[in-house]
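See structure below.
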Amino acid sequence: MSRDYAPPGCKVYIGGLDRNTTKADVEHFFRDFGKISSIWVARNPPGFGFVTFEDPYDAKDACKELDRADLNGNRVTVEVSHGRGRGGGGGRGGGGGFGRGYGSHTTATATTAATASVLSTPHRLQLHFFCTAASSSPSRPHHP
C-alpha cells in the first residue's frame, strides 16, 4: 500500500512543523489517539506531514484535540486530509468540515464498527464510561 492511499477520513494533515521535527516526534504527539498505520514528514520543503490512522474516528478525535497545539515549540495545524488539491494543483491536502463522511450513510455494520471503535483508545474509554454511566440512570428505561 502506498503512502498516498488511505481510507476516507483516516489521513491527517499536520502543518507548521519545525524543520527539525522527526517522524518519532510526530508519532509521540499522536500516540494517545489510536493505532497509526503510517507517518510521513516532509523534508524538502519541510514544515508539514501526514499521519494515517486505521480508524477515521481516531483521526477525527486527534484533529479536535491537537489542532493549534504545541509541537517542538510551534503551534501546529491538524486537520483531516481530503486528498490532493482539486483542479490538478498540489496543495497540502487539508480541509475543513469534520462532518464529511460521518453519519450520512450509516448502516448497522457501520454503527457496530463505530461502537467498537469508541472503545479502541484510552481517550475514548473515558468518554464511553461517562456516557454509559449517565444513560444507566434509573429514570431511563433500558431496552436491550
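Residue 2 is where the sequence shown starts when you use my numbering, and the numbers rise one by one after that. Ideal Cβ placement from N, Cα and C applies to all residues, glycine included.
For residue i, which of helix, strand or coil comes out of DSSP?
{"i": "Ala43", "result": "strand"}
{"i": "Asn21", "result": "coil"}
{"i": "Glu55", "result": "coil"}
{"i": "Asp68", "result": "coil"}
Quickly, what does DSSP pair residue i with across the bridge? List them, please.
{"i": "Tyr14", "result": "Phe51, Glu80"}
Do the CB positions of residue i and residue j come within less than 8 Å of each other?
{"i": "Leu72", "j": "Thr22", "result": "yes"}
{"i": "Ala60", "j": "Val27", "result": "no"}
{"i": "Asp56", "j": "Lys36", "result": "yes"}
Problem - Contact the region 11-24 vs the region 33-52: 3+ CB pairs below 8 Å - result: Contact check between the region 11-24 and the region 33-52: three or more CB pairs, one atom from each, fall below 8 Å, which counts as touching.
Exercise for the section: Evaluate contact between the region 35-46 and the region 66-79, counting only Cβ atoms and requiring at least three cross-stretch pairs below 8 Å. Expected result: no
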